[in-house]
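> This is the structure, below, for whatever I ask next.
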Amino acid sequence: MNKLPYIQPERELYYNLGILLLILGNLAQTSRNKKVLTIDKIQSFYFLVTRPAFLNKVLMLANKRQIAIDEVDYYTVDILSANVDELFDRERLLAMIKILSSKKYLSSEYSKSDGFLFDLTDAGKLIASKLEDGYFRKIGLFIEQLSSLQSQSPSKLNGYINTVLKQGIQ
């Protein structure tokens, strides 16, 4: 008897590329058009946007407005059993960045003070603008709240995340 494979949606490549496109499309530049997305910030933002309960705790620590979270998003395996691999698994993120770059969706520039800063090309922005249905709509709402953390340094963001991990999500 053949068994049907169990597919974890959060591990599906195109789903993850969509989230990355939304993060890059909405958080790469501040309202003053200053580029701010380093690889470290992308990694932290990705972790937070896929874990809204963590995001709320980080927003609270940063004295920013929190978001309303559905129970469905609050009681997930990722929340109840915190797996922080995504905070340290740079290879997975770099593989997704390479895919976006190979499709000419990604631009980068080097800054002496910050290192490489990432943004979307016009083609990437066009694709990201089409991701507005289903769960991507909800991800978009989480990203809107993340914009209040754009000016935080990667070390400050990681400090907030570490504090939340130590305290727990209760």
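For the sequence shown, position 63 (counting from the first letter as 1) is numbered 62 according to numbering that gives the first Met the number 0, and the numbering increases by one without interruption. Heads up, the beta-carbon is just placed ideally off N, CA and C, and yes, glycines get one too.
1) What separation, rounded to the nearest whole angstrom, lies between the Cα atoms of Gln65 and Phe44?
2) With a CB to CB cut of under 8 angstroms and the five nearest residues on each side skipped, what residues in its chain are close to Ser146?
3) How long is the line joining the alpha carbons of Ser52 and Ile68, rounded to whole angstroms?
4) Pop quiz: Gln144 and Val35 are said to be a contact at Cβ under 8 angstroms. What is the actual Cβ separation, rounded to whole angstroms?
5) Among Leu20, Lys97 and Leu140, whose alpha-carbon lies nearest the alpha-carbon of Ile126?
6) Is Asp88 helix, strand or coil when you go by DSSP?
7) To the nearest angstrom, how far is it from the Cα of Val163 to the Cα of Asp113?
According to the data block:
1) Their Cα atoms are separated by approximately 15 angstroms.
2) Counting only residues of its own chain and dropping the five nearest sequence neighbours on each side, Ser146 has a CB closer than 8 angstroms to the CB of Asn25 and Leu26.
3) Inspection of the sequence shows that residue 52 is occupied by Ala rather than by Ser. Near 7 angstroms, if we compare the C-alpha coordinates of Ile68 and Ala52.
4) So it is not a contact: roughly 16 angstroms between Cβ atoms.
5) The candidate whose alpha carbon is nearest that of Ile126 is Leu20.
6) Residue state, collapsed to three classes: coil.
7) Rounded to the nearest whole angstrom, the CA to CA distance from Val163 to Asp113 is 26 angstroms.
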